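Please read the structure below before turning to the comments.
There are 4 protein chains.
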Amino acid sequence: MSRGNTRQRIQDVALELFAERGYEKTSLREIAEQLDVTKAALYYHFKTKEDILLSIFEDLNRPIVELIAWGEQQPRTLETKKEILRRYGQALYDAEPLFRFMQENQASIRELSLGERIKQRMFALSGLLVEQDAELIDRVRALTSLFAMHAGMFAMLQTDDDLKERQEAHLLVAHELITTAHHGD
Amino acid sequence: MSRGNTRQRIQDVALELFAERGYEKTSLREIAEQLDVTKAALYYHFKTKEDILLSIFEDLNRPIVELIAWGEQQPRTLETKKEILRRYGQALYDAEPLFRFMQENQASIRELSLGERIKQRMFALSGLLVEQDAELIDRVRALTSLFAMHAGMFAMLQTDDDLKERQEAHLLVAHELITTAHHGD
Amino acid sequence: MSRGNTRQRIQDVALELFAERGYEKTSLREIAEQLDVTKAALYYHFKTKEDILLSIFEDLNRPIVELIAWGEQQPRTLETKKEILRRYGQALYDAEPLFRFMQENQASIRELSLGERIKQRMFALSGLLVEQDAELIDRVRALTSLFAMHAGMFAMLQTDDDLKERQEAHLLVAHELITTAHHGD
Amino acid sequence: MSRGNTRQRIQDVALELFAERGYEKTSLREIAEQLDVTKAALYYHFKTKEDILLSIFEDLNRPIVELIAWGEQQPRTLETKKEILRRYGQALYDAEPLFRFMQENQASIRELSLGERIKQRMFALSGLLVEQDAELIDRVRALTSLFAMHAGMFAMLQTDDDLKERQEAHLLVAHELITTAHHGD
DNA sequence: CATGAATGAGTTTTCATTCAT
DNA sequence: GATGAATGAAAACTCATTCAT
Numbered sequence: 001m002s003r004g005n006t007r008q009r010i011q012d013v014a015l016e017l018f019a020e021r022g023y024e025k026t027s028l029r030e031i032a033e034q035l036d037v038t039k040a041a042l043y044y045h046f047k048t049k050e051d052i053l054l055s056i057f058e059d060l061n062r063p064i065v066e067l068i069a070w071g072e073q074q075p076r077t078l079e080t081k082k083e084i085l086r087r088y089g090q091a092l093y094d095a096e097p098l099f100r101f102m103q104e105n106q107a108s109i110r111e112l113s114l115g116e117r118i119k120q121r122m123f124a125l126s127g128l129l130v131e132q133d134a135e136l137i138d139r140v141r142a143l144t145s146l147f148a149m150h151a152g153m154f155a156m157l158q159t160d161d162d163l164k165e166r167q168e169a170h171l172l173v174a175h176e177l178i179t180t181a182h183h184g185d
Numbered sequence: 001m002s003r004g005n006t007r008q009r010i011q012d013v014a015l016e017l018f019a020e021r022g023y024e025k026t027s028l029r030e031i032a033e034q035l036d037v038t039k040a041a042l043y044y045h046f047k048t049k050e051d052i053l054l055s056i057f058e059d060l061n062r063p064i065v066e067l068i069a070w071g072e073q074q075p076r077t078l079e080t081k082k083e084i085l086r087r088y089g090q091a092l093y094d095a096e097p098l099f100r101f102m103q104e105n106q107a108s109i110r111e112l113s114l115g116e117r118i119k120q121r122m123f124a125l126s127g128l129l130v131e132q133d134a135e136l137i138d139r140v141r142a143l144t145s146l147f148a149m150h151a152g153m154f155a156m157l158q159t160d161d162d163l164k165e166r167q168e169a170h171l172l173v174a175h176e177l178i179t180t181a182h183h184g185d
Numbered sequence: 001m002s003r004g005n006t007r008q009r010i011q012d013v014a015l016e017l018f019a020e021r022g023y024e025k026t027s028l029r030e031i032a033e034q035l036d037v038t039k040a041a042l043y044y045h046f047k048t049k050e051d052i053l054l055s056i057f058e059d060l061n062r063p064i065v066e067l068i069a070w071g072e073q074q075p076r077t078l079e080t081k082k083e084i085l086r087r088y089g090q091a092l093y094d095a096e097p098l099f100r101f102m103q104e105n106q107a108s109i110r111e112l113s114l115g116e117r118i119k120q121r122m123f124a125l126s127g128l129l130v131e132q133d134a135e136l137i138d139r140v141r142a143l144t145s146l147f148a149m150h151a152g153m154f155a156m157l158q159t160d161d162d163l164k165e166r167q168e169a170h171l172l173v174a175h176e177l178i179t180t181a182h183h184g185d
Numbered sequence: 001m002s003r004g005n006t007r008q009r010i011q012d013v014a015l016e017l018f019a020e021r022g023y024e025k026t027s028l029r030e031i032a033e034q035l036d037v038t039k040a041a042l043y044y045h046f047k048t049k050e051d052i053l054l055s056i057f058e059d060l061n062r063p064i065v066e067l068i069a070w071g072e073q074q075p076r077t078l079e080t081k082k083e084i085l086r087r088y089g090q091a092l093y094d095a096e097p098l099f100r101f102m103q104e105n106q107a108s109i110r111e112l113s114l115g116e117r118i119k120q121r122m123f124a125l126s127g128l129l130v131e132q133d134a135e136l137i138d139r140v141r142a143l144t145s146l147f148a149m150h151a152g153m154f155a156m157l158q159t160d161d162d163l164k165e166r167q168e169a170h171l172l173v174a175h176e177l178i179t180t181a182h183h184g185d
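Chains as they are written, first to last, in full-length UniProt numbering: chain A, 1 to 185; chain B, 1 to 185; chain C, 1 to 185; chain D, 1 to 185.
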């Protein structure tokens with residue numbers, strides 16, 4: 001059954017636990033136990049605990065990096081911006097455990113200087129949602145549009161609205177924000 | 001020498017360290033050392049480490065609880081809503097270390113079931129920003145307006161814009177969102 | 001209500017707890033809390049924790065010391081011996097918490113060199129149950145008769161026999177043992 | 001260097017120290033130091049301090065469990081009963097440190113609910129020393145015969161009689177008790 | 001590919017005790 | 001007759017990590 005893919009299985013279980021109980025509170029013993037291997041086995045696949053986290057981040061971060069790269073190639077039309085927001089929402093949704101983890105473990109994240117990279121990404125993305133020389137108010141609108149998507153994730157675990165409908169509403173509000181920004185008012 | 005204020009001093013130092021390095025990574029030894037008392041002294045004032053965190057939360061949370069109470073007494077005019085957002089922004093700003101801490105330690109927070117309470121408060125507040133029977137899209141706008149203020153905190157540590165101006169821009173965007181919501185789209 | 005008798009109350013509560021959870025596992029905090037005073041108050045009445053235990057032992061030990069003294073004054077008849085056993089059983093029963101405590105905390109007891117004293121008492125008592133120059137087998141019978149009474153305490157918490165009847169049976173068996181010993185066979 | 005025997009060595013040293021200073025007063029540090037390993041090593045082999053004690057008990061208890069099982073297979077003749085007492089005495093003697101420990105740490109023992117099991121065994125054994133439907137007095141005699149053996153252990157550390165002779169005398173008294181019981185008074 | 005055995009450095013927590021007030 | 005505030009020493013336990021096999 002599980003042959004050769006132990007590395008992947010470690011990442012899966014680790015992310016699950018990191019997202020659930022937090023990075024610090026998750027011990028390698030727990031990860032090992034859930035995988036039914038010994039702690040020492042983890043060290044065959046990863047140099048340190050940090051290493052496990054970094055590798056997960058690297059993997060699940062890729063879609064957003066690619067989104068930024070893609071966005072940079074596109075003409076900065078309103079359509080492009082909307083597409084970026086749509087894809088961003090999708091990426092959040094797809095990597096939900098990672099998003100949850102990142103939301104909830106920023107302290108650990110900062111120490112690994114992942115924080116910097118996340119912020120860079122946020123600003124890079126929000127930069128794609130306004131004109132190069134946009135005014136402050138428009139940059140704020142753009143950044144807030146990303147947060148509108150975050151609010152969607154936040155609400156996800158909480159409300160009893162229809163999930164799909166809710167996500168679409170968040171996307172809509174995000175669109176409003178950048179549409180206003182796009183016109184430069 | 002130091003009279004009845006040790007309890008307060010513990011809270012201050014603890015919050016500072018919790019916000020700086022995270023709850024899990026902050027040891028009681030560090031707190032005690034920075035206060036120049038023994039670890040045991042902390043236990044005279046608080047039953048557990050968790051207890052320290054809870055008491056801090058309780059204290060710094062009060063302004064927001066009061067804001068909600070106040071908001072519930074007011075007529076639900078646009079002016080009231082704007083005032084709520086303004087005060088919310090102020091509360092975030094005043095309790096900035098706590099806010100930072102909460103943003104960054106949600107994993108720890110959840111385990112203490114503070115998460116629930118925070119979410120409740122977010123939804124309570126956003127409820128005050130729309131009419132009772134508002135449509136989904138307007139409720140999303142209201143929630144996002146609160147997140148616009150969070151985005152302000154997020155940006156604070158990052159951009160080189162003028163701080164005051166930036167906060168005002170975030171407040172403005174938040175206003176736009178609820179103004180749209182107020183009119184019912 | 002409680003005036004002047006705090007010392008006594010401390011002893012009562014302490015013995016109760018010592019017997020229930022053991023000497024080591026009972027903390028002064030627990031004793032103080034149950035009495036609704038502070039730990040420091042205990043130190044007004046007793047110099048140390050050990051001191052509390054010693055004072056209790058002294059008090060509740062007195063009946064047995066007196067029994068030995070009484071026994072030494074009596075003619076060493078079979079009647080006397082039976083009376084000693086009866087009174088010993090009664091003393092065990094009366095000071096049941098202390099007996100329970102002593103049974104269960106001999107380790108602590110030894111460290112306070114109470115162990116020596118208890119053994120001395122046991123041998124003193126069993127000495128009163130045989131002639132001065134009795135043979136080994138009779139001295140063993142005498143010692144065992146005391147243990148027959150202990151067995152009674154042991155059984156007390158366990159069987160569903162009628163309690164009084166049970167105690168009487170133990171006394172009877174103890175009598176048999178010393179009667180055999182008394183005749184020197 | 002030291003191969004698979006560390007676990008055993010921990011048990012040996014632990015029992016020695018538990019018997020000597022009591023369970024509560026023996027710290028894992030002491031055990032580790034005496035074994036020249038770290039405390040953490042103890043935790044590799046046993047989950048908790050309690051666990052060490054339980055495992056010792058389990059091991060040294062086996063002979064008595066086996067004795068009970070053996071006794072249940074035998075015809076309930078006087079010879080069998082005498083043999084049970086002899087073997088019981090031997091088992092006590094063999095596991096002398098454990099017996100001593102159990103005598104002296106019943107408070108700790110009870111919390112681990114070992115107390116129940118010990119009592120059960122005592123009653124099981126004494127049940128084998130009388131007829132099925134024996135009268136109370138005979139059951140008391142049987143139980144007391146076991147306590148006669150305990151008295152032997154008690155005396156062991158105390159008197160200056162010849163050890164072997166003393167043990168035999170205790171066995172003899174125990175025999176008397178069950179012989180009387182066997183004939184039905 | 002993995003385990004079994006172990007470590008060193010740390011953690012939170014508890015306790016008996018002290019002393020100025 | 002007592003409390004409030006604190007301490008010093010120690011306890012049980014956990015964790016990431018290592019390494020010979």
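Where is the CB? At the ideal position from N, CA and C, for every residue including glycine.
Treat the numbers as computed from the prediction; the structure is a model and nothing was measured.
Check: With 8 Å set as the bound, which would you pick, yes or no: does the beta-carbon of I137 (chain C) sit closer than that to a beta-carbon of chain D?
Finding: yes
Next item on the list: Give the range of the alpha helix (DSSP H) segment to which H170 (chain D) is assigned.
Entry: L163 to H182
Next item on the list: Report the option in A:K164, A:R166 and A:E72 whose CA atom is closest to the CA atom of G127 (chain A).
Entry: A:E72
Notebook entry, point to check: Taking only beta-carbon atoms, is A151 (chain D) less than 8 Å away from chain C?
Noted result: yes
Check: How would you call E176 (chain C), buried or exposed, if buried means at least 16 neighbouring beta carbons within 10 angstroms?
Finding: buried
Check: Mind pulling the chain C residues with CB within less than 8 Å of V173 (chain D)?
Finding: I137, V140, R141, T144 and L177
Checklist line | Given M153 (chain A) as reference, the closest of B:F154, B:D160, B:T144 and B:G152 once Cα atoms are compared | finding: The candidate whose alpha carbon is nearest that of M153 (chain A) is B:T144.
Check: Cβ of S27 (chain C) less than 8 Å from any chain D Cβ?
Finding: no
Next item on the list: Indicate whether the contact test is met: 3 or more Cβ pairs, each with one atom in the region 41-48 of chain A and one in the region 77-86 of chain A, closer than 8 Å.
Entry: no
Note to self: Let me see if you follow: with CB-CB separation under 8 Å, is H170 (chain B) close to chain A or not?
What the structure shows: yes
Item checked: Chain-ordered neighbours of F147 (chain B) on chain A, where CB pairs are closer than 9 Å -> T144, F147, A148, H150, A151 and F154
Checklist line | A14 (chain D) and I64 (chain D) closer than 8 Å at C-beta | finding: no
Next item on the list: State the start and end residues of the unbroken alpha helix (DSSP H) segment that holds K25 (chain A).
Entry: First-last for K25 (chain A): undefined, no H or E at that position.
Check: Which chain D residues are close to Q106 (chain C), counting only those with a beta carbon under 7 Å from its beta carbon?
Finding: Q103 and E104
Next item on the list: Please list the partners that D161 (chain D) has in chain C, where partner means a Cβ-to-Cβ separation under 8 Å.
Entry: L136
Check: A142 (chain C) and I68 (chain C): beta carbons closer than 8 Å?
Finding: No, Cβ-Cβ distance for A142 (chain C) and I68 (chain C) is not below 8 Å.
Next item on the list: Take R87 (chain A) and list the residues in its own chain whose beta-carbon comes closer than 6 Å to its own, dropping the five residues that flank it on each side.
Entry: Cβ within range, chain order: L67.
Check: Does the beta carbon of R86 (chain B) sit closer than 8 Å to a beta carbon anywhere in chain A?
Finding: Not one chain A Cβ lies under 8 Å of R86 (chain B).
Item checked: Interface flag, E33 (chain C) vs chain D, CB-CB below 8 Å -> Between E33 (chain C) and chain D, the shortest Cβ-Cβ separation is not below 8 Å.
Item checked: Cβ neighbour criterion (16 or more within 10 Å) applied to H183 (chain C) -> exposed
Notebook entry, point to check: Does the beta carbon of R121 (chain C) come closer than 8 Å to any beta carbon on chain D?
Noted result: Closer than 8 Å: no.
Item checked: Short-range partners of chain B found in the UniProt domain "HTH tetR-type" (4-64) of chain A, where Cβ spacing is below 8 Å -> Within the UniProt domain "HTH tetR-type" (4-64) of chain A, those residues whose Cβ lies closer than 8 Å to any Cβ of chain B are, in chain order, R21, G22, Y23, E24 and K25.
Next item on the list: Less than 8 Å between the CB atoms is what I'm expecting for E24 (chain B) and E24 (chain A), so what's the real figure, rounded?
Entry: 4 Å
Notebook entry, point to check: Could one say the Cβ of E79 (chain D) lies closer than 8 Å to chain C's Cβ atoms, at least one of them?
Noted result: no
Notebook entry, point to check: How long is the line joining the alpha carbons of E20 (chain C) and E58 (chain B), rounded to whole angstroms?
Noted result: 38 Å
Next item on the list: Starting from E131 (chain B), find everything on chain A with Cβ-Cβ shorter than 9 Å and list it in chain order.
Entry: Chain A residues near E131 (chain B): none, gap ~16 Å exceeds 9 Å.
Check: Buried or exposed: which applies to D133 (chain A), given that a residue is buried once 16 or more other Cβ atoms fall within 10 Å of its Cβ?
Finding: exposed
Item checked: Range covered by the alpha helix (DSSP H) that runs through A40 (chain D) -> K39 to H45
Note to self: DSSP three-state label for N61 (chain B), please.
What the structure shows: The three-state secondary structure of N61 (chain B), taken from DSSP, is helix.
Margin query: Using only CA atoms, which one of C:L98, C:A148, C:L54 and C:A181 lies nearest to E168 (chain C)?
Written below: Among C:L98, C:A148, C:L54 and C:A181, the Cα nearest to that of E168 (chain C) belongs to C:A148.
Checklist line | For A151 (chain A), the nearest candidate out of A:G89, A:T26, A:D36 and A:R76 (CA to CA) | finding: A:G89
Margin query: Using a Cβ-Cβ distance cut-off of 8 Å, determine whether E96 (chain D) contacts chain C.
Written below: It does not; no Cβ of chain C falls within 8 Å.
Checklist line | R3 (chain A) versus R166 (chain A): straight-line alpha-carbon distance, rounded | finding: Its pLDDT being 48, under 50, R3 (chain A) is placed unreliably by the model, and the measurement read from it follows with that caveat. Going by the C-alpha atoms only, they are around 41 Å apart.
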